[in-house]
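Following: one structure in structure tokens, then a few remarks.
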Amino acid sequence: MSETTTYTKKDFVSDQEVRWCPGCGDYSILSAVQTAMTQIGKKREDICFVSGIGCSSRFPYYMNTFGMHTIHGRAAAIASGLKIQNPNLSVWVATGDGDAMAIGGNHLIHALRRNVDINIIMFNNEIYGLTKGQYSPTTKRGVITKTTPYGVVDHPFVPASLALGCDATFFARAIDTDVKHLTSLVVEAANHKGTTFIEIFQNCVIFSDGIHEAYAGKATRDDNTIKVEHGKPMIFGKERNKGIILRGTRPEVVTIGENGITEKDLLVHDKTDDNMAYMLSRMKFPELPVALGIFRQVSAPSYEMDVEAQIAQVTSKKGAGNMKSLLHSGQTWNVG
Amino acid sequence: MKELENVVIRFSGDSGDGMQLTGTQFSTTSALMGNDMSTFPDYPSEIRAPQGTVAGVSGFQVCFGATEVNTPGDEPDVLVAMNPAALKANLADVKRGGTIIVNNDAFSPANLKKAGYESNPLDTNELDNYKVIRIDISNLTTEALKNLDLDLKAKGRCKNFCALGFTYYLFDRDMDSTIKWIESKFGKTPVLKEANILALKAGYNYGGNTLITTNRYQVPKAKIEKGKYRQMQGNAATAWGLMQAAEAAGLKLFLGSYPITPATEILQELAKFKEFGVKTFQAEDEIAGICSAIGASFGGALAATTTSGPGLALKTEAIGLGVIYEIPLVIVNVQRGGPSTGLPTKTEQADLLQSFYGRNGECPTVVVAASRPSDCFEMAYEAARLALEHMTPVILLTDGYIAQGAEPWKIPDIEKEFRPIKTRMVDRKLAPGEQFLSYQRDPKTLVRPWAIPGMAGYEHRIGGLEKSENFGNVSHDAKNHQRMVELRAEKIARVVDNIPDQEVFGDKSGDLLVVSWGGTYGATYSAVRELRKEGKRVSLMHMKYLNPMPKNVGKILKSYKKILVPELNMGQLQHLLREKFLIETIGYHKVQGQPLKITEVVGLINRELESL
Ligand code: SF4
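Taken in sequence, the protein lines are chains L and C.
My numbering numbers the first residue of the first sequence as 735 and each following residue consecutively.
My numbering numbers the first residue of the second sequence as 84 and each following residue consecutively.
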């Protein structure tokens, strides 16, 4: 951590011309991340962005840090190797729903279960943008795309549920245009030891414009989403008068002040509670508001630190190795 | 006692009979007694194939000698068969007139049936051409252990040591090192320690009581180069060679890998050496194995990935990324029989063209190959050296035969023989305002600089998209692409200035040149040496640097009337030589999952010499 360097957002803007479509949700994500980088206490040279293939994966070119634009789906694996090699780095993966959930699904789930201290930001626009509009593993059933002229018959992933199924130690969700909230989540992710996964509802103006509009649109956002915060009751709505209670094992929307409901009756978010995190992941619009914020954050050993610890432990026991003594160790014999 | 120059012995039994252990003990003892030797394990791909069946037979072959030994031997002089299936599986390989030691107890009607024998071959004339020694090994073992507090099954499990003891008597071997091994292995369970030692001695004494001394053999010490020796297995040598390179380069070694036969042992071996700072990452798949290594390489490690044929196929796209990134990366391919899953436990050399060409786009890499188990050390070091000095992926080819084989190895003087490796890591501070040009090449070698995260001022982005010359920014420019493709090719071509010239064993010119590469060295070298001793005019060019090929290869090839290229594939090196040098060659293509035999190569050479 650097205590000495202070950065402004501009320090993280690279000299490359940004080439996303005008109006693409990626712009606000880039801006949020560049701002967040000034707040994470890391030197610029100790930060690396890694991406796969897709619109989102252009990201590293636009960050004035170290960066790797890799191959389709493999960013999490490459980032893991980088972080294990140098645990001092702050390593970020910029990916999309196609890159992370389809071709890179295997790497994603294993990164999450291993808890390597890398930060994965997934731009979910429920479509393949770069290849011009084919359905992805998060596209809803029935949606017409270039490869589904009669509608999607695949069942989609819920990224949050998938991540939680992998025991992800940090999962959060945000909306591309809510830059302030997103920035704060990115900073939280940076401070978390272990794999973090932020799903961002991102709008692709070209191929799936408005896909998240019903809940993420600026006009209806407050009523149709709920930002959860650890230790705080689950309140939402423009008037801040709606809340979530549990009926049996199922969440239900209530109005504060109606039927004798007070703030005290509402569920209080506990980010260490697995069941609550899973419940949040299953909340679907329009029956329920869509959950945003940090669903789950628990502390667990991070892979690369355990690797370092083993090395330190064995080295302190055996002493640092050198090849000459290794070659002469064990059974040897002399000829002549 | 009769004196022999060298002996090939094969221990064979059910996969649960401990034959690998028995064979290893025999070879270690022989090495310690001053013989040269070479070993090869041969085990079924099913870990627990049905007991007593031919499919479940596991073998271990040792050639030990009083002269230089370069292969585990063509045909066993002695076969130890612990059951009928072992006899059935191996009989055809045994030298006519050879000795067969059988565990007589195991030739029960049930076992004979499982092995597919209609009648007991020990009672028919099937073995008339061999010297058969029938020993009730199981009984002898349980009898020797009768006073020990162990159940019958546990006692039975010691029978491999009884068989070993008998062979020790037969070949006048010293029991000391095996006894020491048993003591350290079973130190915590005294009863097992005692049982195995008793079994070993029972076998030895049985020899003493039943064999007349004229039937004993001696293999004197070999006259090999003076020095301190140790035993080295191919896969372990590869692992150690990578560690040697990391030490020589002052870098940490990172291995990203996924278990696959017969390469897994390299990962297992490297996982042991935490005190060297080695990081091994067992990834979720082959692709993540190489990708994690690419990440580690970008982070400044000596990064490697290890695999076998099908895994190399899966890593293809990522190797291409390494090529366009121009970062150091070692890819070890321990070849096995293909295509597809093929013959996982059997050897082949059929991934040469995959290594050269198996990627999308124009995608050159350096390709090198190891020639024998201990040579894996040097070639792993070489692969890493070339990767680091030339900022490129390097493919190191070994194969199941040399990877699992072992031999004595004269411990090198590493300070002299394995010099420090100078990496391309940038080592100066940038001037204020100076921009780092990530693809600015050294004019002589065309190698780009290596700057890693953590270096202030060197922040840069690399990617799989075509990049502009010098700057490394994304470029779709037509002329730039042509230039970059040519530069990447030329960069690899110039590696030729950094590899040794090709050596030839034999005459500098002549009638017949045998050209081999990789793991067939033992057979081709032994055959050529043998024939040259007889005065035949034949030479050997054994290649270890395949892409690029040493400068003098073309000249060598043109100095002989005939070129014979024996390979364990359908003519892949032959194809490359013909294409590159426009010469006619004679191929020999063996794809049986088995190594080349010396006698086979001798036959080939004689045939070609006669038809000159
Ligand atoms: S295609 Fe969609 S996701 Fe891609 S840049 Fe354009 S708007 Fe953004």
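All C-beta atoms in this analysis are idealised placements derived from N, C-alpha and C, irrespective of residue type, glycine included.
Just so you know, these numbers come straight off a predicted model, no measurement behind them.
- In the three-state reduction of the DSSP assignment, V684 of chain C falls in the helix class, which pools H, G and I.
- Not one heavy atom of the ligand SF4 falls within 7 Å of the beta-carbon of D496 of chain C.
- Per DSSP, the continuous alpha helix (DSSP H) segment holding S895 of chain L begins and ends at P893 to G899.
- Less than 8 Å separates the beta-carbon of L1000 of chain L from that of I969 of chain L.
- The closest CA to that of L338 of chain C, considering only C:A376, C:M508 and C:N166, is found on C:A376.
- Scanning chain L for C-beta atoms nearer than 7 Å to the C-beta of L404 of chain C yields T804 and I805, reported in chain order.
- Contact between A322 of chain C and R468 of chain C fails: their C-beta atoms lie close to 16 Å from each other, not under 8 Å.
- Setting aside the 5 residues that flank it on each side, K1005 of chain L is surrounded in the same chain by H964, I1028, R1030 and Q1031, each with a C-beta closer than 6 Å to its C-beta; the list follows chain order.
- Between K880 of chain L and E860 of chain L the beta-carbon gap is near 14 Å, outside 8 Å, which marks them as no contact.
- Within chain C, not a single residue places a beta-carbon under 8 Å from that of M1039 of chain L; the smallest gap is close to 12 Å.
- Using beta-carbon distances, T740 of chain L does not count as an interface residue toward chain C, since no partner is under 8 Å.
- In summary, the residues of the region 523 to 552 of chain C whose CB is separated from some CB of chain L by less than 9 Å are A534, I535, P536, G537, M538, A539, G540, Y541, E542, H543, R544, I545, G546, G547 and L548, in the order they occur in the chain.
- Within the DSSP bridge table, the entry for M624 of chain C names C:V598 as partners.
- Of all C-beta pairs linking the region 276 to 283 of chain C to the region 236 to 249 of chain C, three or more are shorter than 8 Å, placing the two stretches in contact.
- The Cβ atoms of G832 of chain L and G801 of chain L do not sit closer than 8 Å to each other.
- A straight line joining the alpha-carbon of R984 of chain L with that of M1013 of chain L spans about 8 Å.
- For F147 of chain C and H844 of chain L, the gap between their C-alpha atoms comes out near 47 Å.
- If you check each beta-carbon in the region 373 to 388 of chain C against every beta-carbon of chain L, the ones closer than 9 Å belong to I373, C374, S375, A376, I377, G378, A379, S380, F381, G382, G383, A384 and A386.
- With a threshold of 16 other beta carbon atoms within 10 Å, M258 of chain C meets it and is buried.
- Distances from the CA of Q1044 of chain L to each of C:V413, C:P411, C:L395 and C:V361 were compared; the closest alpha carbon is that of C:V361.
- Note on geometry: alpha-carbon atoms of K591 of chain C and S642 of chain C lie some 7 Å from one another.
- Assigned with DSSP and collapsed to three states, A387 of chain C falls in strand.
- Sixteen is the threshold: when 16 or more other Cβ atoms of the shown chains lie within 10 Å of the Cβ of E358 of chain C, as they do, the residue is buried.
- Fully enclosed alpha helix (DSSP H) runs of no fewer than 4 residues occupy 947 to 950 and 955 to 958 of the region 927 to 987 of chain L, in order along the chain.
- The region 581 to 598 of chain C and the region 543 to 560 of chain C do not touch, with fewer than 3 CB-CB distances between them shorter than 8 Å.
- Our two residues, Y464 of chain C and G324 of chain C, have alpha carbons roughly 5 Å apart in a direct line.
- Interface with chain L (8 Å Cβ-Cβ cutoff): L115 of chain C is included.
- For Q768 of chain L, no chain C residue has a Cβ inside 7 Å of its Cβ, as the nearest lies near 14 Å away.
- One alpha carbon belongs to R907 of chain L, the other to D1040 of chain L, and they sit about 28 Å apart.
- Rounded to whole angstroms, R217 of chain C and A149 of chain C show a C-alpha spacing of 28 Å.
- For E779 of chain L, the residues of chain C that pass the 8 Å Cβ criterion are P536, G537, M538, A539, G540, Y541 and E542, in the order they occur in the chain.
- W492 of chain C and W1067 of chain L have their C-alpha atoms spaced approximately 10 Å apart.
- In chain order, the residues positioned with their C-beta nearer than 6 Å to some heavy atom of the ligand SF4 are L:W754, L:C755, L:C758, L:D760, L:C789, L:N859, L:G863, L:C938, L:V939, L:I940 and L:F941.
- The residue among C:L687, C:V648, C:H658 and C:G686 with its C-alpha nearest the C-alpha of I669 of chain C is C:V648.
- Apart from the 5 residues on each side of it in sequence, Q768 of chain L sits with its Cβ closer than 8 Å to the Cβ of K743, F746, V747 and M797 in its chain, given in chain order.
- Any Cβ of chain C closer than 8 Å to the Cβ of V1048 of chain L would place that residue at the interface, and such an atom is present.
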